[in-house]
Amino acid sequence: MTDLTAPPIRTAPPAAGTSQGTSQGRPVSGASRPRRIALLPTAALLLGALYCLLPVAWVVVAATKSGTELFSTFTFLPGSGFGDNLADLGAYRDGIYWRWMANSAFYAGFGAVLSTVVSAVSGYALAIYRFRGRETVFNVLLTGVLMPPVILAIPQYLLLAKTGMADTYLSVLLPLVLSPYGVYLGRIYAEAAIPMELVEAGRMDGAGEWRIFWRIAVPMMSPGLVTIFLFQFVAIWNNFLLPYIMLGDDEKFPMTVGLYTLLAQGSATPALYTLVITGAMLAVVPLIALFLVIQRFWSLDLLSGAVKS
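Positions in the sequence shown are counted from 1; adding 57 to them yields this note's numbering.
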């Protein structure tokens with residue numbers, strides 16, 4: 058009789074987190090440690106957000122208070138004078154606040170567009186073209202990022218005063234056209250988003266350099282250009298020192314300098330404090346609206362994977 062033997066039984070290795078011979082091992086003691094560590098950055102970010110949003114919340118609540126409620130009620134208790142504050146702000150000096158707001162929109166909008174165009178052209182040229190002194194030019198521009206604007210304000214005023222452009226709209230716009238940080242972002246994004254194969258293909262098809270830039274490079278750089286535009290718009294909108302030095306006519310003041318003049322007069326006329334707070338609250342609204350409108354343009358570059366090296 059043939060001796061039949063049963064085949065050996067193969068046992069699967071123990072599952073992760075279990076030990077041999079047991080249906081379920083002990084949980085790894087360090088498994089919860091990364092989760093606890095991950096809570097620390099989240100808590101730090103929440104504290105940072107609270108730190109940044111707390112002054113905004115105070116301005117919003119204080120704008121609803123009348124002059125007497127501003128100094129006599131709890132800090133974060135809403136008041137009943139928001140409508141009167143808006144009416145007084147609009148009536149102050151025949152509505153000069155809205156003139157300041159329009160000036161800020163002009164400086165920030167037109168200046169951000171010009172700065173974005175200059176940053177796009179400069180960044181594209183520094184990223185695509187190879188020429189002698191390219192890195193030297195780029196390094197000189199980077200020193201402008203490290204240069205505080207306070208150092209350049211007085212020389213810029215003296216230079217524009219010599220040309221007769223002081224106390225004009227151009228005296229505020231021209232120094233803001235060239236943004237070293239915008240050129241830096243333009244070059245970095247152009248190097249990452251524009252394959253040289255597409256540029257060479259455009260040249261082989263007979264397209265000129267400007268046509269390649271506008272038809273190929275600009276659409277691919279659009280998320281980076283939107284970022285540059287937003288950064289420049291916010292920086293110019295909040296700019297105080299340059300227009301404060303350049304301008305003497307309060308009809309040309311942006312919103313920041315105009316509110317400062319109101320705040321300086323508030324020491325003699327405390328009723329102006331409510332106008333300053335209401336004006337500061339309204340000044341935040343355009344920035345929030347711009348961010349909500351422009352954020353849809355921050356999209357992934359769909360052409361980045363079109364060319365394989």
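No residue lacks a Cβ here, since even glycine has one placed at the ideal position from N, Cα and C.
Taking C-alpha atoms, which residue in the options lies nearest to residue i?
{"i": "Gly315", "options": "Ala100, Leu127, Ser161 and Ala247", "result": "Ser161"}
{"i": "Ser137", "options": "Gly147, Ser123 and Leu231", "result": "Ser123"}
{"i": "Asp306", "options": "Arg187, Pro112 and Val229", "result": "Val229"}
{"i": "Leu332", "options": "Tyr317, Leu255 and Ile345", "result": "Tyr317"}
{"i": "Pro206", "options": "Thr173, Asp141, Leu319 and Asn296", "result": "Asn296"}
For residue i versus residue j, is the C-beta distance shorter than 8 Å?
{"i": "Phe133", "j": "Ala120", "result": "no"}
{"i": "Tyr246", "j": "Met222", "result": "no"}
{"i": "Tyr164", "j": "Pro311", "result": "yes"}
{"i": "Tyr154", "j": "Gly323", "result": "no"}
{"i": "Ile269", "j": "Gly259", "result": "yes"}
{"i": "Leu242", "j": "Thr193", "result": "no"}
{"i": "Ala169", "j": "Phe290", "result": "yes"}
In this structure, how does DSSP classify residue i when only helix, strand and coil are distinguished?
{"i": "Tyr226", "result": "helix"}
{"i": "Met158", "result": "helix"}
{"i": "Phe354", "result": "helix"}
{"i": "Gly78", "result": "In this prediction, Gly78 has a pLDDT of 47, which is less than 50 and means its spatial position is unreliable; what the coordinates show is noted afterwards. In the structure shown, Gly78 sits in coil (DSSP, three-state: anything other than H, G, I, E or B)."}
{"i": "Asp145", "result": "helix"}
{"i": "Phe133", "result": "coil"}
{"i": "Phe310", "result": "coil"}
{"i": "Phe188", "result": "coil"}
{"i": "Asp151", "result": "helix"}
{"i": "Leu349", "result": "helix"}
Can you name the start and end residues of the alpha helix (DSSP H) that residue i belongs to?
{"i": "Ala249", "result": "Pro237 to Ala250"}
{"i": "Pro276", "result": "Val275 to Trp294"}
{"i": "Ser129", "result": "Gly124 to Ser129"}
{"i": "Tyr301", "result": "Leu298 to Met303"}
{"i": "Pro327", "result": "Neither: Pro327 is in no alpha helix (DSSP H) and is coded neither H nor E."}
{"i": "Ala205", "result": "With the sequence shown as reference, residue 205 is identified as Pro, and Ala is not the correct amino acid for it. Counting along the chain, Pro205 falls outside any alpha helix (DSSP H), and DSSP gives it neither H nor E."}
{"i": "Ala258", "result": "Met253 to Met261"}
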